[in-house]
């Protein structure tokens, strides 16, 4: 036992049938099915990259990465927990003061610490906070005259209501014109992405907390970051993005290398426990529920950088056709969350608010999600490896709607000629889109 490598020692610790603690089955990953019908999600511990995390040669690089990502995670504690377990494994005997329950607790503590370590940031990503994000490109004419906010613009249309008795201060209802415009935006984005070869998929908006954590959603403050079901369903969450439902669908699957990349697109409702930071972020800008078209890619490690670039190109093409001023940013390390190794945001200019608002993002999560979800592929030589995942927003409804309304408003509190992708979907024939005051529903 003394001469075993760390890798073999760890494999032995989680797989050996000679251990008498009865806990091995809780920490090994199941082999995923390749059948779409028979694939079942693994219920066991994720196969984290302990070979990398526990290698002393990587310790300083991991510490520096954590420092640049808001300091979340403690790699020293991971090493401390492993040292205790490793000592037990090297001794070849169970200490007299360690019973099955305490042994299980040691493994739980190891995983609880290791699961918090963020993905490694790719070279070239700007370090630091949001202010260090790097502008990559911008396009579209920037309107800088005096404009109304979207909410003030549509006040006389009777097309936007805020029924607080429905779901509080951030609830909203679109009637008539706004409902049609929102649908046109979502239909345009979804149809365009499908035309580019992405496979449409409809997924649940209610997912397991294990899945959201595997996607990188980490509770880091007192304010809840997810909606949780009550009663006996406290482990179940309302999805913040279709990325989570797609991830749940892909969980435990193994693909053939020639099948990759797999590109999926989903239109879903998204639920966020948002808090406004200013008056400009009130009303439609930061809401608890909205619709979004989401893209998701499964690829090989060699493909993932190019797939992220492709997602960004799809996003740019989608927004360029809308005729609004946008800018593309490469986000800094503190804005990557836990899962992304690299991330790009697209922000739309909102002339009524006089600010840029994020309307889209795209991330390369490398193998961070795949390891936690058991998403694998078999290479040409028969080796099973972990896939990489990328995701990107094709279009989010409310903020894109704000930007379109504020950009195309005219001096008559109406909307001028909309861009072609929207005109043809709301059957506008070249002239201004006219809005009639709605009759009372009473």
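In my numbering, the protein residues as written are 61 to 502. A virtual CB, placed ideally from N, CA and C, is assigned to each residue, including glycine.
Considering only C-alpha positions, which residue in the set the options is nearest to residue i?
{"i": "residue 365", "options": "448, 441, 316", "result": "448"}
{"i": "residue 298", "options": "270, 318, 319", "result": "270"}
{"i": "residue 411", "options": "234, 430, 202, 160", "result": "202"}
{"i": "residue 439", "options": "314, 106, 130, 195", "result": "314"}
{"i": "residue 176", "options": "273, 230, 225, 455", "result": "273"}
{"i": "residue 191", "options": "389, 446, 422", "result": "389"}
{"i": "residue 454", "options": "250, 162, 121, 209", "result": "250"}
{"i": "residue 204", "options": "467, 244, 238", "result": "467"}
Within 10 angstroms of its Cβ, does residue i collect 16 or more other Cβ (buried), or is it exposed?
{"i": "residue 482", "result": "buried"}
{"i": "residue 352", "result": "buried"}
{"i": "residue 427", "result": "buried"}
{"i": "residue 107", "result": "buried"}
{"i": "residue 509", "result": "Here the chain comprises residues numbered 61 to 502, so residue 509 is not present and cannot be evaluated."}
{"i": "residue 289", "result": "exposed"}
{"i": "residue 503", "result": "Since the first residue of the chain shown is 61 and the last is 502, residue 503 is not available in this structure."}
{"i": "residue 209", "result": "buried"}
{"i": "residue 490", "result": "Any reading at residue 490 must be qualified, since the residue scores a pLDDT of 42, below 50, and its modelled position is unreliable; no value is offered."}
Taking 8 Å as the threshold (C-beta atoms), are residue j and residue i in contact?
{"i": "residue 178", "j": "residue 133", "result": "yes"}
{"i": "residue 333", "j": "residue 266", "result": "no"}
{"i": "residue 435", "j": "residue 310", "result": "yes"}
{"i": "residue 219", "j": "residue 263", "result": "no"}
{"i": "residue 403", "j": "residue 395", "result": "yes"}
{"i": "residue 141", "j": "residue 116", "result": "no"}
{"i": "residue 375", "j": "residue 420", "result": "yes"}
{"i": "residue 384", "j": "residue 277", "result": "no"}
{"i": "residue 354", "j": "residue 308", "result": "no"}
{"i": "residue 242", "j": "residue 392", "result": "no"}
{"i": "residue 459", "j": "residue 378", "result": "no"}
Just the Cα atoms here: how many angstroms apart are residue i and residue j?
{"i": "residue 260", "j": "residue 406", "result": "23 Å"}
{"i": "residue 110", "j": "residue 171", "result": "10 Å"}
{"i": "residue 258", "j": "residue 127", "result": "37 Å"}
{"i": "residue 347", "j": "residue 222", "result": "11 Å"}
{"i": "residue 362", "j": "residue 472", "result": "54 Å"}
{"i": "residue 198", "j": "residue 415", "result": "14 Å"}
{"i": "residue 180", "j": "residue 437", "result": "22 Å"}
{"i": "residue 15", "j": "residue 432", "result": "Only positions 61 to 502 of the chain appear in this structure, which leaves residue 15 out of reach."}
{"i": "residue 166", "j": "residue 151", "result": "16 Å"}
{"i": "residue 359", "j": "residue 135", "result": "28 Å"}
{"i": "residue 247", "j": "residue 398", "result": "31 Å"}
{"i": "residue 240", "j": "residue 214", "result": "14 Å"}
{"i": "residue 268", "j": "residue 206", "result": "46 Å"}
{"i": "residue 331", "j": "residue 316", "result": "34 Å"}
So, under 8 Å CB-CB, residue i and residue j are touching, yes? Tell me the CB distance rounded to an integer number of Å.
{"i": "residue 211", "j": "residue 344", "result": "6 Å"}
{"i": "residue 425", "j": "residue 401", "result": "7 Å"}
{"i": "residue 131", "j": "residue 386", "result": "Incorrect: roughly 32 Å between the Cβ atoms, too far for contact."}
{"i": "residue 138", "j": "residue 174", "result": "5 Å"}
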